[in-house]
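> Quick one: structure below, then a few questions.
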DNA sequence: CGCTGGTTTGAACTAATTCAAACGACGTGG
DNA sequence: CCACGTCGTTTGAATTAGTTCAAACCAGCG
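Residue numbers (my numbering), protein chains in the order written: chain A, -2 to 192; chain B, -2 to 192.
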């Protein structure tokens, strides 16, 4: 169990462990000395993150909100792998999917405009998005701050804020209190999301 | 066997295959309708690329120079997996390493300056780099064009060219004919490579 | 010798950043 | 319940890194 903002594990930290997210959301990020950081992924309920065979984390893990985790030691995890052979195949296919996700993100970071980045984010990360009654009014509850969105998209908070503001002006979305965002014109978002 | 510029397989193409690179270099890339492309990786001799279980490639594969490949059909590959169980473990750990590489690339694309991107590229992709006699004069033979470097680093050819020019002006590197680049001041490059 | 594909260079432009300030939401404690 | 402080968000103005467009240049090659 970790509170908002708490660091769960650090980049390069020696730790032969496997964590499963029970509830809440964590972010995995890379940083440089001078303070720049890039979020390389989020993990929600049912998802996991783990140290490589080398026993080192490739990213810093931090709680986005209140988070409950289930921790397996390296040894215990190996035991599980032996008992459930299909687990190994499952991990393999999850890793494959993650590679694809990261490739997508490479295109996003390297080739998309700020607007495209943000619309993509809105469409993909409706973390607990509710496809509310009306077909054209999905509500996305974003548990992350503008700064975190920025660190994920390779932008600044200001730019994220400005893009959202312009989307509001154009009646494509509306932003409510406490990080709620309503997607009004999903089709338009999709058209503008590039790719 | 494929010649320079030849497309070996296309993004989303249905193809249950596994390719091993025997000699030469291929690039994996993602593209959008409007022509933007982002290279998501290179594969050199001894490395492989394959379709996911879904049987679709996640990227377009193109020959960088003349390339010799060894192709395994999906069925044949599965047979190999059964015969050599350690192969599966090996693939797993390679995928893990690839995840880490892509995470690095995310930071590079999202948070580094053009200069840092290029210096990183020079240091990492000495494809057939010769640690020549002198300790401070590594020679990198780049088999890729400026445009390809740009597509890998999320820049334009012009920017890549300009950064290289400025590195030459500052006597950190020299560029020879036919894509040879000599790294004069490796220490400086490392210092400037960010991270 | 003259193409062709790749590279370099310059000048103008623009998307996104930086810096600064005001604003709003939310929880805490008086 | 309200005042206060903190943290996050928004907005504006100025700046800049990188792009775009255009042209010249260069190397390799038939």
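Cβ coordinates follow ideal geometry from the N, Cα and C atoms, glycine included.
(1) Can you check DSSP and say which residues form a bridge with residue 102 of chain B?
(2) Using DSSP's beta-bridge definition, name the partner residues of residue 54 of chain A.
(3) Spell out whether any CB of chain B is found under 7 Å from the CB atom of residue 112 of chain A.
(4) Do we get a CB-CB distance below 7 Å when we pair residue 72 of chain B with the residues of chain A?
(5) Where DSSP assigns a beta bridge to residue 34 of chain A, which residues make up the other side?
(6) Using the three-state DSSP reduction, which class does residue 174 of chain A fall into: helix, strand or coil?
(7) Taking 8 Å as the threshold, find out whether the region 79 to 86 of chain A comes into contact with the region 12 to 30 of chain A through three or more Cβ pairs.
(8) May I ask you to report which of helix, strand or coil DSSP gives residue 183 of chain B?
(9) Which first and last residues belong to the alpha helix (DSSP H) in which residue 110 of chain A is found?
(10) Does residue 156 of chain A come out as helix, strand or coil in the three-state DSSP assignment?
(11) Check whether the Cβ of residue 106 of chain B lies closer than 6 Å to any heavy atom of the ligand NAD, and answer yes or no.
(12) Would residue 64 of chain A and residue -1 of chain A be called neighbours here (beta carbons separated by less than 7 Å)?
(13) Any beta carbon from chain B within less than 7 Å of residue 49 of chain A's own beta carbon?
(14) Using DSSP with H/G/I as helix, E/B as strand and the rest coil, what is residue 92 of chain B?
(15) Using a 10 Å radius around the Cβ and a threshold of 16 neighbouring Cβ atoms, would you call residue 160 of chain B buried or exposed?
(16) Start and end of the alpha helix (DSSP H) containing residue 72 of chain B?
(17) Check residue 139 of chain B in the structure and name its three-state DSSP category.
(18) Quick test of the definition: if touching needs 3 or more C-beta pairs under 8 Å, does the region 20 to 34 of chain B touch the region 47 to 60 of chain B?
(19) Assign residue 190 of chain B to one of three DSSP states: helix, strand, or coil.
(20) Helix, strand or coil for residue 132 of chain A per DSSP?
(21) If I measure Cβ to Cβ from residue 119 of chain A and keep anything under 6 Å in the same chain, skipping five residues before and after, which residues do I get?
(22) Leaving out five residues on either side along the sequence, give the residues of the same chain with a beta carbon under 7 Å from the beta carbon of residue 186 of chain A.
(23) For a quick check, are the C-beta atoms of residue 35 of chain B and residue 104 of chain A less than 7 Å apart?
(24) How many Å lie between residue 95 of chain A and residue 135 of chain B at the Cα?
(25) Taking just the CA atoms, how far does residue 97 of chain B sit from residue 142 of chain A?
(26) Which whole-angstrom value describes the C-beta separation of residue 111 of chain B and residue 156 of chain B, a residue pair presumed to lie in contact below a C-beta threshold of 8 Å?
(27) Could you check the C-alpha separation between residue 39 of chain B and residue 175 of chain A for me, to the nearest Å?
(28) With respect to the beta strand (DSSP E) encompassing residue 9 of chain A, which residues constitute its N-terminal and C-terminal limits?
Reading it off the structure:
(1) Taking the second chain and counting its residues from 1, the one referred to as residue 102 of chain B is at position 105. None; residue 102 of chain B has no bridge partner.
(2) Here residue 54 of chain A refers to the residue found at position 57 of the first chain. Partner(s): none; residue 54 of chain A has no beta bridge.
(3) Residue numbering aside, residue 112 of chain A sits at position 115 when the first chain is read from its first letter. For residue 112 of chain A, the answer is no, since every Cβ of chain B falls outside 7 Å of its Cβ.
(4) Your numbering for residue 72 of chain B matches position 75 in the second chain. So no, residue 72 of chain B is outside the interface.
(5) For the purposes of this step, residue 34 of chain A is taken as the residue at position 37 of the first chain. The secondary-structure analysis by DSSP pairs residue 34 of chain A across a beta bridge with A/28.
(6) Within the first chain, residue 174 of chain A is the residue found at index 177, counting from 1. Residue state, collapsed to three classes: coil.
(7) Inter-segment contact for the region 79 to 86 of chain A and the region 12 to 30 of chain A is absent: fewer than three beta-carbon pairs are separated by less than 8 Å.
(8) Taking the first residue of the second chain as 1, we reach residue 183 of chain B at position 186. Reduced to three states, the DSSP call for residue 183 of chain B is helix.
(9) Counting from 1 along the first chain, the entry for residue 110 of chain A is found at position 113. Neither: residue 110 of chain A is in no alpha helix (DSSP H) and is coded neither H nor E.
(10) For the purposes of this step, residue 156 of chain A is taken as residue 159 along the first chain, with counting starting at 1. Residue 156 of chain A: helix per DSSP, three-state reduction.
(11) What this structure holds is no ligand at all, so the ligand NAD is not there to describe.
(12) If you number the first chain from 1, residue 64 of chain A lands on position 67. If you number the first chain from 1, residue -1 of chain A lands on position 2. A contact, by the Cβ cut-off of 7 Å.
(13) Translated into the one-based positions of the first chain, residue 49 of chain A becomes position 52. Yes, residue 49 of chain A lies at the interface with chain B (some Cβ there is under 7 Å from its Cβ).
(14) Start at 1 with the first residue of the second chain, and residue 92 of chain B comes out as number 95. Three-state result, residue 92 of chain B: helix.
(15) The sequence position of residue 160 of chain B within the second chain is 163, counting from 1. So residue 160 of chain B ends up on the buried side.
(16) Numbered from 1 along the second chain, position 75 holds the residue referred to as residue 72 of chain B. Residue 72 of chain B -> alpha helix (DSSP H) spans 71 to 80.
(17) Reading the second chain from its first residue, position 142 is the one you call residue 139 of chain B. Coil.
(18) Segments in contact, yes.
(19) For the purposes of this step, residue 190 of chain B is identified with residue 193 of the second chain, where counting begins at 1. Three-state DSSP puts residue 190 of chain B in coil, outside helix and strand.
(20) Numbered from its first residue, the first chain carries residue 132 of chain A at position 135. Low confidence applies to residue 132 of chain A: its pLDDT is 48, below 50, so where it sits in the model is not reliable enough to give any reading.
(21) The residue labelled residue 119 of chain A in the question sits at position 122 within the first chain. Within the same chain, residue 119 of chain A has no close Cβ partners at all.
(22) Numbered from 1 along the first chain, position 189 holds the residue referred to as residue 186 of chain A. Correct list, in chain order: 116, 119, 120, 169 and 180.
(23) Here residue 35 of chain B corresponds to residue number 38 of the second chain, with the count starting at 1. Here residue 104 of chain A corresponds to residue number 107 of the first chain, with the count starting at 1. Their beta carbons are under 7 Å apart, which means residue 35 of chain B touches residue 104 of chain A by this criterion.
(24) Position 98 of the first chain holds residue 95 of chain A. Position 138 of the second chain holds residue 135 of chain B. Residue 95 of chain A and residue 135 of chain B: Cα-Cα distance of roughly 35 Å.
(25) As a position in the first chain, residue 142 of chain A is number 145, starting the count at 1. As a position in the second chain, residue 97 of chain B is number 100, starting the count at 1. Rounded to the nearest angstrom, the two C-alpha atoms are 25 Å apart.
(26) The count along the second chain starts at 1 and reaches residue 111 of chain B at position 114. The count along the second chain starts at 1 and reaches residue 156 of chain B at position 159. Confirmed, Cβ separation roughly 5 Å.
(27) Locating residue 39 of chain B in the second chain gives position 42, where the first residue counts as 1. Locating residue 175 of chain A in the first chain gives position 178, where the first residue counts as 1. Those two C-alpha atoms are separated by around 43 Å.
(28) Along the first chain, read from residue 1 onward, the residue named residue 9 of chain A stands at position 12. Looking at the DSSP string, residue 9 of chain A is not in any beta strand (DSSP E), and its letter there is neither H nor E.
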